[in-house]
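Engineer: Residue numbers (the numbering used here): 34 to 218. Here a beta-carbon is modelled for each residue, glycine too, at the ideal position from N, C-alpha and C.
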Amino acid sequence: MLGLLLGPTYYIFCQYLSGQRGEAFTLTERSGRWTLPDGTILHFTPGQAFRPLTLKLDPQMNQIAFQLTFEAAPGGSDAPKATDEYHVTLLQSDQPIFERSLAVNLAPGGKQRVEAGRLTLYYPGAYEFLLVEAGPPHVVISRATLEVFEKIETPFLPLMWGGFALLVAGLAVSLEPCLTRGRLH
34 MLGLLLGPTY
44 YIFCQYLSGQ
54 RGEAFTLTER
64 SGRWTLPDGT
74 ILHFTPGQAF
84 RPLTLKLDPQ
94 MNQIAFQLTF
104 EAAPGGSDAP
114 KATDEYHVTL
124 LQSDQPIFER
134 SLAVNLAPGG
144 KQRVEAGRLT
154 LYYPGAYEFL
164 LVEAGPPHVV
174 ISRATLEVFE
184 KIETPFLPLM
194 WGGFALLVAG
204 LAVSLEPCLT
214 RGRLH
């Protein structure tokens with residue numbers, strides 16, 4: 034029982050149940066060129082980018098997770114699903130500190146939620162969040178919603194793996210009579 038609590042239950046708690054929901058932002062405007070608040074001009078090719086968001090982040094929010102919800106524009110009812118690639122970048126000043134590629138598989142009129150990764154911050158400040166198309170999309174996204182989660186627990190790995198080891202040892206001790214009984218007869 035202890036192995037079950039310290040192994041899988043602890044892992045599931047840290048990965049999926051811990052943390053607090055922070056702010057949510059809606060992304061609708063796209064362009065091939067945006068100007069950041071500091072005057073930096075960003076050009077995007079071959080796809081376009083959603084309007085950059087300025088996020089106020091602080092190390093007290095650690096660990097931070099980003100979740101994106103993509104909503105496709107309505108289309109024909111017989112239109113197939115298509116997979117498009119997007120890139121997520123978080124900039125501190127003009128330096129990228131976090132980058133991820135996301136695959137979004139949608140049909141017209143559909144909706145998909147995608148985990149965009151986790152981040153540990155070391156400095157408070159204003160960060161620019163960029164969501165960029167890797168190329169012309171097969172399914173047009175009418176709206177994307179970014180949700181920021183904060184204070185997500187990071188599993189203490191020796192405790193978690195010790196729990197998995199206890200679970201395996203407990204299963205071995207429990208199953209040992211059943212396995213040896215068959216050999217004796």
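I believe alanine 57 touches isoleucine 185 by the beta-carbon criterion, under 8 Å. Please report the beta-carbon distance rounded to the nearest angstrom.
Structural biologist: In fact, because the Cβ distance is near 16 Å, the residues do not count as touching under 8 Å.
Engineer: What did DSSP end up calling glycine 108 once you bin it into helix, strand or coil?
Structural biologist: Three-state DSSP puts glycine 108 in coil, outside helix and strand.
Engineer: Alpha carbons only, please: which of Thr178, Ile45, Ser126, Thr78 is nearest the one belonging to alanine 105?
Structural biologist: Of the candidates Thr178, Ile45, Ser126, Thr78, the one whose C-alpha sits nearest the C-alpha of alanine 105 is Thr178.
Engineer: Run the CB neighbour count on glutamate 166, radius 10 Å, all protein chains shown included, and call it buried at 16 or more, exposed below.
Structural biologist: Counting Cβ neighbours within 10 Å, glutamate 166 comes out buried, since at least 16 surround it.
Engineer: Helix, strand or coil for serine 207 per DSSP?
Structural biologist: Three-state result, serine 207: helix.
Engineer: Over what stretch of residues does the beta strand (DSSP E) that includes asparagine 138 continue unbroken?
Structural biologist: Counting along the chain, the beta strand (DSSP E) containing asparagine 138 begins and ends at 128-139.
Engineer: Is the segment 187-199 in contact with the segment 108-123, if contact means three or more CB pairs nearer than 8 Å?
Structural biologist: Too few Cβ pairs lie closer than 8 Å, so no.
Engineer: Would the beta-carbon of glutamate 62 fall within 8 Å of that of phenylalanine 77?
Structural biologist: Their beta carbons are not under 8 Å apart, which means glutamate 62 does not touch phenylalanine 77 by this criterion.
Engineer: Using beta-carbon positions only, say whether leucine 69 and phenylalanine 162 come within less than 8 Å of one another.
Structural biologist: No.
Engineer: Residue range of the beta strand (DSSP E) that glutamate 62 falls in?
Structural biologist: From DSSP, glutamate 62 is part of no beta strand (DSSP E); its letter is neither H nor E.
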